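Count along the sequence shown starting at 1, add 760, and that's the number in the numbering used here.
Built from N, CA and C at the ideal position, the CB exists for glycine as well.
All values reported here derive from a predicted model rather than from experimental measurement.
Worksheet for the structure shown next.
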Amino acid sequence: MFLRSHLRDGGRVPASVQPYFFLSYAHTPRFGAGGPDPDMWVERLFRDLCSHVMALTDLPAGAEAGFMDREIRSGEGWSERLGAALATCRVFVPLFSPRYFASEMCGKEWYAFAQRAIHQGALSNQPAEAIVPALWVPVPPSQLPGPAERLQFNHNTFGERYVTDGLYGLIKLRGYAEQYERAVYELAKRIVRVAETVRLEPVRPLDYRGVPSAFGPTGSSPARTLHVTVAAASRHDLPDGRSPEYYGDNALEWNPYHPVAQRPIAYVAEDLVKNLNYQTSIGSFDDEAGHYDSKQPPTRPEILIVDRWVVEDEHRRQRLAAFDQESRPWVNVVVPWNRYDHQSRAKEIELAQRLEETLPVKMGQGRAACRAAANGVANMETLGQILPQVVEAAAQQFLRHAQVYLPAGNTHTERPRLLGPMGMSGPPAPPRAPFPPDTFGGHNDGNDSNDTDRGDADDSES
């Protein structure tokens, strides 16, 4: 409770109550009632790591060297304690094992911490990678989800036997005590080195129960794809009177949350979507409009990030209007809107109304989170909270509308399975570009909610 209230009030959390590292692992079920606790070996590893970290740092007596969730994800206050630890720890240490990547709870822990690092990287435009993985049980690279596969980490420096047997093998097998001690000491040194280098700042805790898993839905393929498109001007073709400080040489360099954020919105969105276990591509609406074959089925869900100022350019506005008339519910719109951009604030009502007239279908499409995202996302923190819901809705609509193929060798299947574009086996759908030519007809059938809530996607604090 102290951590939550202190952060809410904008203060800094004393170092003595911040865990230095967060050990994330998958609980192992007991073999029968009253049997030995299989997680006692993880407890030993945790104690050894804490001892080394205390020896390698100047943490004061009584400081939390580490945090480990010893409970079976239940009990009063459990979610708050977990959320506070993830919001304040300096390094995240996932214990890799097949069971770990099958755990939704572990995926939630990973997502919550990684989102925090993405947010800090967006503010500074510097990498803030503070995940130090450890091999509890070796996992083949082909079984790693995208967020784990993308980590640049060399396990070989911890010892050859560690790579082949993992920490569990070293701690359980007789004769490997020396190799275990070496591996744990090297891991502790890596944790301290990363903590001192990255300096990840504490944030307000997320509601852990509501965050998605960084490993995707249970059983999902690591080959899921999603495309992010940005509809914005460059600094070379802005409307009269619009300041160029928010823009770059092309649409992908648009930074609506300047000067608080230093990283363009396209790359922040790309990082957030990758953290949901998607393979992600990004592009400009200017480059992709006009190359769409409406007869082809979709090949991926998509997110369209729109600058309201584009409606001041009549050519872009007409292309957006034509796009809106095409029935494409697997594309959801996100509209970043900086409340501290004085020019935007002065024209907010006018620009919002013109965008609503330009994209009437998209602005009212889908569940409440999608409509809120289309009506204005006020800051980077809110973007990180709402984008996973928008991505999930786009993915569900994609699955409803994508090409269906019969399983190979079976011509009498009563209920064909969806194969192909989302990473399952089957012939791929024909390639296409994401946006329509300048003129189309059509209607939208993608609303999956009759809810009519409107308003900015915003939090109560800036």
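Report task. Note down the Cα distance separating TYR940 from PRO779, rounded to an integer number of angstroms. Result -> 24 Å
Query raised in the report: With DSSP run on the structure shown, which of helix, strand or coil describes PRO779?
Result: coil
Query - Backbone secondary structure at PRO901 - three-state DSSP - result: helix
Query raised in the report: Along the chain, which unbroken stretches of the alpha helix (DSSP H) at least 4 residues long are found entirely within the segment 1110-1150?
Result: 1120-1123, 1128-1134
Query raised in the report: Does DSSP put HIS787 in a helix, in a strand, or in coil?
Result: coil
Query raised in the report: Taking the C-alpha atoms as reference points, what is the distance between PRO905 and SER784?
Result: 16 Å
Query raised in the report: Any idea what DSSP makes of ASN916, helix, strand or coil?
Result: helix
**Report entry** Bounding residues of the beta strand (DSSP E) (the contiguous stretch that carries VAL851)
**Finding:** 851-856
**Report entry** Buried versus exposed call for SER884 [16 or more other C-beta atoms within 10 Å across all chains shown]
**Finding:** exposed
**Report entry** SER1041 (DSSP reduced to helix, strand or coil)
**Finding:** strand
Report task. Taking all protein chains shown into account, decide if GLY843 is buried (16 or more other Cβ within 10 angstroms of its Cβ) or exposed. Result -> buried
Report task. Could you tell me the boundaries of the alpha helix (DSSP H) in which GLU803 lies? Result -> 800-816
Report task. Tell me, please, which residues DSSP counts as bridged to VAL1094. Result -> ILE1065
**Report entry** ASN1098 to VAL1066 span [Cα, whole Å]
**Finding:** 13 Å
Query raised in the report: Which of helix, strand or coil does DSSP assign to PRO1196?
Result: Below a pLDDT of 50, predicted positions are generally treated as unreliable, and PRO1196, at 38, falls in that range; no measurement from the model is reported.
Query - For PHE827, the residue or residues it bridges with in DSSP - result: PHE782
**Report entry** DSSP three-state assignment for ALA894, whether helix, strand or coil
**Finding:** strand
Query raised in the report: If we count Cβ pairs, one from each stretch, closer than 8 Å, do we get three or more for the segment 915-927 versus the segment 936-955?
Result: yes
Requested in this report: Please check the pair ARG1023 and GLY881, which I expect to be a contact at CB under 8 Å, by giving their CB distance rounded to whole angstroms.
Outcome: 7 Å
Query raised in the report: Could you check where the alpha helix (DSSP H) with HIS1102 kicks off and where it finishes?
Result: 1102-1106
Query - Alpha-carbon spacing of THR848 relative to ALA1082, whole angstroms - result: 47 Å
**Report entry** Pair within 8 Å by beta-carbon distance, LEU927 and LEU960
**Finding:** no
Query raised in the report: Is any heavy atom in the ligand FAD found nearer than 7 Å to the beta carbon of SER1003?
Result: For the ligand FAD, the structure offers nothing, since it holds no ligand at all.
Report task. Report buried or exposed for ASN914, applying the criterion of at least 16 other Cβ atoms within 10 angstroms of its Cβ. Result -> exposed
Query raised in the report: Are VAL1091 and ASN1135 closer than 8 Å when you measure CB to CB?
Result: no
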